[in-house]
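Enquirer:
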Amino acid sequence: MASLKDLRARIGSVKSTRKITSAMKMVAAAKLRRAQTRAEAARPYAAAMRRMLAELGAGTRGQSGLPTLLAGTGNDRVHLLIPITSDRGLAGGFNANVNRKTRDLIGQLQAEGKTVRLLPVGRKGGDYLMREFSDLILDKIHGSGGKEIPFSAAAELGERIAAMAEKGEFDVCTLVYNRFQNVMSQTPTTMQLIPLALPANDVAASADAPVYEFEPGEEELLSSLLPRNLQVQIYATLLESAAGEQGARMTAMDNATRNAGKAIDRLTLKYNRTRQTNITNELIEIISGAQAL
23 MASLKDLRAR IGSVKSTRKI TSAMKMVAAA KLRRAQTRAE AARPYAAAMR
73 RMLAELGAGT RGQSGLPTLL AGTGNDRVHL LIPITSDRGL AGGFNANVNR
123 KTRDLIGQLQ AEGKTVRLLP VGRKGGDYLM REFSDLILDK IHGSGGKEIP
173 FSAAAELGER IAAMAEKGEF DVCTLVYNRF QNVMSQTPTT MQLIPLALPA
223 NDVAASADAP VYEFEPGEEE LLSSLLPRNL QVQIYATLLE SAAGEQGARM
273 TAMDNATRNA GKAIDRLTLK YNRTRQTNIT NELIEIISGA QAL
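Using this note's numbering, the letters of the sequence shown map in sequence onto residues 23 to 315.
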């Protein structure tokens, strides 16, 4: 049986932990509000870019010599996967979900005879993939470290991917990330960047949209908009992931705080019972000694 001193030490330790998790929950809640606002603000712009490219792409369908960022290389052999995770942990299953989806996607592609290359963003995903698939990793890119994400970070990554695409270093490029639904839900999602894959609702919208005559022509607009779209879609996914990270961390720290409270209650009850037992035993010894006299 644990002594009263040991129980007091354990109660004090758990109380200290509860203070830390409670503080982390409040910090995550404050960051979540800003991250959620930025993610939701980016969604309409990213969707509008997809719709515009759907309309432009419809005018070039069937043509040869289309930009690589639009039509790809025409092959489906080499797949570049870009999993987006956080640099920090203590966020529940946030990073594990992306890592699991990436691992499953790697297995699926390799089973089909495809070559897989990895360019992970975020330390948690990079460290995991380095342990499991070190031979597939081209490079590891650190995330924002919990700070607000500048557009320049997405622009730099977009330029790097575009350069790799023009050199023919891959045929298909796919993002793997957590899409922010709400505080309790972040859904592991994939988005194909190259060749440009338009969601079904965007394709339907472009089919029903009025016919426009573009000036300059579609090809000139595509050459200008495709690199920009690549950066915008990457930025939107980074913002989604950042909001999801803070939501997951707030939920995890809330659960940890409540569990710490329950542990304190159990330890306090055990402490009181042990103390009561010790007092009872001492009284019995005193009474027994008095009777012996």
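Ideal Cβ positions, reconstructed from N, Cα and C, are used throughout, including at glycine.
Secondary structure at Met152, three-state DSSP: helix, strand or coil?
Expert: helix
Enquirer: Which residue's Cα is closest to the Cα of Asp109: Leu88, Ile216, Ser166?
Expert: Ser166
Enquirer: Look at Leu261 and Ala64 and say whether their C-beta atoms are less than 8 angstroms apart.
Expert: yes
Enquirer: Using 8 angstroms as the limit for Cβ to Cβ distance, is Val138 near chain D?
Expert: Structure shown: chain D not included; a single protein chain is present.
Enquirer: Considering only residues of the same chain and omitting the five flanking positions on each side of Asp98, which have a CB-CB separation below 8 angstroms?
Expert: Lys136, Asp193, Val194
Enquirer: Roughly how many angstroms lie between the CA atoms of Asn121 and Glu77, to the nearest whole one?
Expert: 35 angstroms
Enquirer: Which residue marks the beginning of the beta strand (DSSP E) containing Ser207, and which one marks its end?
Expert: First-last of the beta strand (DSSP E) with Ser207: 207 to 216.
Enquirer: Considering only the alpha carbon of each residue, which of Leu75, Glu267, Leu102, Leu103 lies closest to Leu92?
Expert: Leu75
Enquirer: For Ile128, count neighbouring C-beta atoms within 10 Å of its own C-beta (all shown protein chains included) and say buried if the count is 16 or more, exposed if not.
Expert: buried
Enquirer: DSSP three-state call for Phe116: helix, strand or coil?
Expert: helix
Enquirer: Any idea if Ile306 is buried or exposed, counting beta-carbon neighbours within 10 angstroms, 16 or more meaning buried?
Expert: An exposed status is given to Ile306, since fewer than 16 other beta-carbon atoms sit within 10 Å of its beta-carbon.
Enquirer: As an exercise, report each continuous beta strand (DSSP E) stretch of at least 3 residues that is fully enclosed by the stretch 72 to 111, in chain order.
Expert: 100 to 105
Enquirer: Are the stretch 289 to 298 and the stretch 49 to 65 touching, with three or more C-beta to C-beta distances below 8 angstroms?
Expert: Flag = no, the stretch 289 to 298 and the stretch 49 to 65 do not touch.
Enquirer: Leaving out the 5 sequence neighbours to the left and right, which residues in its chain are closer than 6 angstroms to Gln214 when beta-carbon positions are compared?
Expert: Thr196
Enquirer: Could you work out which residue in Arg288, Ser310, Ile301 is closest to Leu29 when comparing CA atoms only?
Expert: Arg288
Enquirer: Contact check, Thr107 vs Lys146 under 8 angstroms by CB: the rounded distance?
Expert: About 4 angstroms separates the CB atoms of Thr107 and Lys146; that is less than 8 angstroms, so the two are in contact.
Enquirer: Who are the Cβ neighbours of Val138 in its own chain at under 7 angstroms, not counting the five residues just before and after it?
Expert: His101, Leu103, Ile128, Leu131, Gln132, Leu158
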